[in-house]
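Q: Numbering (our numbering), first residue to last: 5 to 467. Glycine included, every Cβ here is placed at the ideal spot set by N, Cα and C. Please read all numbers here as calculations on a predicted model, not as lab measurements. Quick one: this structure, given as structure tokens, is what I'll be asking you about.
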């Protein structure tokens with residue numbers, strides 16, 4: 005026995021030393037840390053300098069093309085089939101096309117979107133998609149400033165010189181059975197790059213960045229007390245949080261206070277920015293990517309036949325802010341506002357959308373089914389309200405979100421609350437101070453039509 009033990013010791017020593025060498029190669033010091041809150045609260049961001057070298061290299065902003073004169077004939081009057089950006093001068097239009105080629109297809113050149121040198125031809129799907137992407141970029145910059153601020157985005161933010169952004173996603177096959185005896189895998193326990201090879205659900209995007217499932221974890225109490233979220237929803241939420249953390253190159257404390265992760269009170273401001281980012285990604289995927297399903301060829305779709313969609317990594321690519329906060333939009337103001345040709349007019353405009361209430365304030369802001377995003381008609385109502393409040397500095401307003409009981413009542417009330425938040429934020433963005441706005445508890449509509457339930461009322465409060 006002693007001889008056997010002795011003979012194994014060299015092997016054990018070799019294995020131990022090998023393990024130490026492997027472990028030391030994973031995260032060798034030094035590591036950098038940045039204090040992100042009060043000392044002792046664990047609000048620290050830790051960075052690996054060696055990994056950051058690659059991230060910094062990937063987020064270098066290219067030099068802008070020299071500015072072009074806005075004078076002269078318009079592109080829409082000179083060129084054929086200019087369905088977007090036709091209001092730019094020929095010089096401005098040409099400058100943007102040269103820039104987009106460098107951002108998206110530097111190797112393929114103009115032929116990536118234009119067939120046979122005929123720039124008016126629409127036979128290539130890439131040209132049709134490019135039009136939609138211009139619209140998407142303008143929408144992000146004009147509508148989602150709660151997330152992108154004034155920094156904004158351009159085509160380069162996602163593409164970085166590649167025809168297809170390197171970070172896109174498709175709905176994953178749920179693979180209900182690992183084999184005939186393992187049973188339901190519940191969409192997890194398969195290593196996936198989306199969740200850093202964890203055993204968490206490997207598709208955190210379909211339920212949250214395409215669908216609108218509530219992002220919830222189990223409640224803080226032993227028994228249900230208003231939060232009835234399941235363990236499955238908790239795991240899916242952690243899966244999404246894992247993705248967001250790795251996408252931005254940060255840890256949980258970038259958006260959450262370690263004192264109480266679920267509480268909004270005392271949380272860093274980045275949590276609000278992330279809140280809008282989730283909703284922005286969801287709208288972009290549903291309004292701009294999914295409608296292109298029939299446009300994309302089969303080889304550009306996922307295994308379930310869906311189109312590529314965006315998530316946090318698509319823009320951030322390891323940086324806490326895309327391109328580390330360097331703005332390319334200032335050199336391309338034509339991408340900052342939605343082109344007039346793209347402004348959508350609702351097929352049916354509810355007359356109630358322009359109903360006026362007390363003191364001339366618009367009484368109702370209407371919403372589409374299942375959505376908390378503001379339509380163009382709704383934004384006009386809010387703009388009118390902000391203008392009136394500017395002329396009535398002593399007036400305060402209350403915002404009341406309404407819902408009906410069709411479907412899931414809890415989900416409907418949550419949607420009504422988010423709609424009220426959207427109206428409040430739009431009023432604030434228009435110059436109305438937050439202390440003049442009071443949010444009411446969402447409630448169910450009584451005796452109203454379903455369409456009338458999808459509203460937020462703006463009411464003047466008694467002095």
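Just the C-alpha distance for residue 128 and residue 449, rounded to the nearest angstrom, thanks.
A: Taking the first residue of the chain shown as 1, we reach residue 128 at position 124. Taking the first residue of the chain shown as 1, we reach residue 449 at position 445. Using only the alpha carbons, I get a separation of about 49 Å.
Q: From the DSSP secondary-structure annotation, give me the bridge partner or partners of residue 463.
A: In the chain shown, residue 463 corresponds to position 459, counting from 1. Looking at the DSSP assignment, residue 463 forms a beta bridge with 402.
Q: Sorted by chain position, which residues of the same chain lie with C-beta nearer than 8 Å to residue 81's C-beta, five sequence neighbours on each side aside?
A: Here the question's residue 81 lines up with position 77 in the chain shown. If we look at residue 81 and ignore the five residues flanking it on each side, its Cβ neighbours are 90.
Q: Taking Cβ positions only, does residue 400 come closer than 9 Å to chain D?
A: Here there is only one protein chain, and chain D is not present.
Q: Determine the extent of the beta strand (DSSP E) in which residue 50 is found, giving its start and end residues.
A: Within the chain shown, the letter at position 46 stands for residue 50. It spans 48-51 - the beta strand (DSSP E) in which residue 50 sits, taken as one unbroken run.
Q: What are the start and end residues of the beta strand (DSSP E) that includes residue 485?
A: In the structure as shown, the chain begins at 5 and stops at 467. Residue 485 is therefore absent and cannot be evaluated.
Q: If you draw a straight line from the alpha carbon of residue 92 to that of residue 74, how long is it in whole angstroms?
A: As a first step, residue 92 is located in the chain shown; it is residue number 88 there, counting from the start. As a first step, residue 74 is located in the chain shown; it is residue number 70 there, counting from the start. Approximately 7 Å, taken between the alpha carbons.
Q: With H, G and I counted as helix, E and B as strand and the rest as coil, what does DSSP make of residue 177?
A: Within the chain shown, the letter at position 173 stands for residue 177. Coil at residue 177, not helix or strand.
Q: When DSSP labels each residue in this structure, what does residue 328 get in the three-state scheme?
A: On the chain shown, position 324 is the one that residue 328 refers to. Residue 328 falls in the helix class under three-state DSSP.
Q: Is there contact here, the region 378-396 with the region 426-434, by at least three beta-carbon pairs under 8 Å?
A: With a cut-off of 8 Å, the region 426-434 and the region 378-396 count as touching, because enough Cβ pairs lie within range.
Q: Hey, residue 459 and residue 375: beta-carbon distance below 9 Å or not?
A: Counting from one through the chain shown, the residue named residue 459 turns up at place 455. Counting from one through the chain shown, the residue named residue 375 turns up at place 371. Against a cut-off of 9 Å, the Cβ pair of residue 375 and residue 459 comes out as no contact.
Q: Would you decide whether residue 216 is buried or exposed? Buried here means 16 or more other CB atoms lie within 10 Å of its CB.
A: Here residue 216 corresponds to residue number 212 of the chain shown, with the count starting at 1. It is buried - the Cβ of residue 216 has at least 16 other Cβ atoms within 10 Å.
Q: In whole angstroms, what is the alpha-carbon distance linking residue 44 and residue 36?
A: To locate residue 44, count along the chain shown from 1; it is residue 40. To locate residue 36, count along the chain shown from 1; it is residue 32. Those two C-alpha atoms are separated by around 17 Å.
Q: Please name the residue in 441, 418, 145, 106 whose C-alpha comes closest to that of residue 220.
A: Locating residue 220 in the chain shown gives position 216, counting from the first residue. For residue 220, the nearest C-alpha among the options comes from 418.
Q: With DSSP run on the structure shown, which of helix, strand or coil describes residue 119?
A: Counting from one through the chain shown, the residue named residue 119 turns up at place 115. Here residue 119 sits in strand by DSSP.
Q: Please classify residue 243 as buried or exposed, where buried requires at least 16 neighbouring CB atoms within 10 angstroms.
A: Residue mapping note: residue 243 aligns to position 239 of the chain shown, counting from 1. Buried, because 16 or more other Cβ atoms sit within 10 Å of the Cβ of residue 243.
Q: Quick one: what does DSSP say residue 132 is sitting in, helix, strand or coil?
A: Against the chain shown, residue 132 aligns to sequence position 128. In this structure, residue 132 counts as helix in the three-state DSSP scheme.
Q: Taking the alpha carbon of residue 65 as the point to measure from, which residue in 147, 94, 98, 331 has its own alpha carbon closest?
A: Sequence index remark: in the chain shown, residue 65 carries index 61 (1-based). Checked all of 147, 94, 98, 331; the closest Cα to residue 65 is 331.
Q: Among the residues of its own chain, which have a CB less than 7 Å from the CB of residue 296, if the five just before and after it don't count?
A: Translated into positions along the chain shown, residue 296 becomes position 292. Excluding residues within five positions, the ones whose Cβ falls inside 7 Å are 133, 136, 311.
Q: Pick helix, strand or coil for residue 78, following the three-state DSSP scheme.
A: To locate residue 78, count along the chain shown from 1; it is residue 74. Strand at residue 78.
Q: Within the region 259-343, note down every full alpha helix (DSSP H) run reaching 4 residues or more, in order along the chain.
A: Correct list: 274-288, 316-320.
Q: Applying the criterion that 16 or more other CB atoms from any shown protein chain within 10 Å of the CB defines a buried residue, is residue 347 buried or exposed?
A: As a working note, residue 347 is residue 343 in the chain shown. Because the pLDDT at residue 347 is just 40, under 50, the model does not fix this residue reliably, and the point stays unresolved.
Q: Quick one: is residue 208 buried, meaning 16 or more other Cβ sit within 10 Å of its Cβ, or exposed?
A: For this step, residue 208 is matched to residue 204 along the chain shown. It counts as buried.
Q: Below 8 Å on the Cβ atoms is my guess for residue 253 versus residue 261; work out the distance and round it to an integer in Å.
A: Here residue 253 is taken as the residue at index 249 of the chain shown, counted from 1. Here residue 261 is taken as the residue at index 257 of the chain shown, counted from 1. No, residue 253 and residue 261 are not in contact; Cβ-Cβ is about 20 Å, not under 8 Å.
Q: Is the distance from the Cβ of residue 447 to the Cβ of residue 404 below 9 Å?
A: Taking the first residue of the chain shown as 1, we reach residue 447 at position 443. Taking the first residue of the chain shown as 1, we reach residue 404 at position 400. A contact, by the Cβ cut-off of 9 Å.
Q: Whose C-alpha, out of 301, 390, 435, 263, is nearest the C-alpha of residue 42?
A: Within the chain shown, residue 42 is the residue found at index 38, counting from 1. The shortest C-alpha separation from residue 42 is found at 263.
Q: Anyone know if the C-beta pair for residue 321 and residue 171 falls short of 9 Å?
A: As a working note, residue 321 is residue 317 in the chain shown. As a working note, residue 171 is residue 167 in the chain shown. Cβ distance < 9 Å, so residue 321 and residue 171 count as in contact.
Q: Let me check understanding here. Comparing Cα to Cα, which of 50, 94, 54, 142 lies closest to residue 340?
A: For the purposes of this step, residue 340 is taken as residue 336 along the chain shown, with counting starting at 1. Out of 50, 94, 54, 142, 142 has the C-alpha closest to the C-alpha of residue 340.
Q: According to the neighbour-count rule (16 or more other Cβ atoms, all chains shown, within 10 Å of its Cβ), is residue 147 buried or exposed?
A: Residue numbering aside, residue 147 sits at position 143 when the chain shown is read from its first letter. That one is buried.
Q: Hey, which unbroken runs of the beta strand (DSSP E) at 3 residues or more fall wholly within the region 367-435?
A: 368-370, 401-407, all fully within the region 367-435.
Q: According to the Cβ coordinates, are residue 442 and residue 400 closer than 9 Å?
A: For the purposes of this step, residue 442 is identified with residue 438 of the chain shown, where counting begins at 1. For the purposes of this step, residue 400 is identified with residue 396 of the chain shown, where counting begins at 1. It is a contact, given that the beta carbons lie within the stated cut-off.
Q: Can you tell me whether residue 334 is buried or exposed, with buried defined as 16 or more other CB within 10 angstroms of its CB?
A: Locating residue 334 in the chain shown gives position 330, counting from the first residue. Its Cβ having fewer than 16 others within 10 Å, residue 334 is exposed.
Q: How is residue 126 classed by DSSP in three states: helix, strand or coil?
A: One-based indexing of the chain shown puts residue 126 at position 122. In this structure, residue 126 counts as coil in the three-state DSSP scheme.
Q: If you draw a straight line from the C-alpha of residue 190 to the C-alpha of residue 205, how long is it?
A: For the purposes of this step, residue 190 is taken as residue 186 along the chain shown, with counting starting at 1. For the purposes of this step, residue 205 is taken as residue 201 along the chain shown, with counting starting at 1. Going from the Cα of residue 190 to the Cα of residue 205 covers about 8 Å.
Q: Out of curiosity, what's the CA-to-CA distance linking residue 457 and residue 287?
A: Mapped onto the chain shown, residue 457 falls at position 453. Mapped onto the chain shown, residue 287 falls at position 283. Cα to Cα, the separation comes out at about 21 Å.
Q: Is residue 289 closer than 9 Å to residue 214 when the C-beta atoms are compared?
A: Locating residue 214 in the chain shown gives position 210, where the first residue counts as 1. Locating residue 289 in the chain shown gives position 285, where the first residue counts as 1. Against a cut-off of 9 Å, the Cβ pair of residue 289 and residue 214 comes out as a contact.
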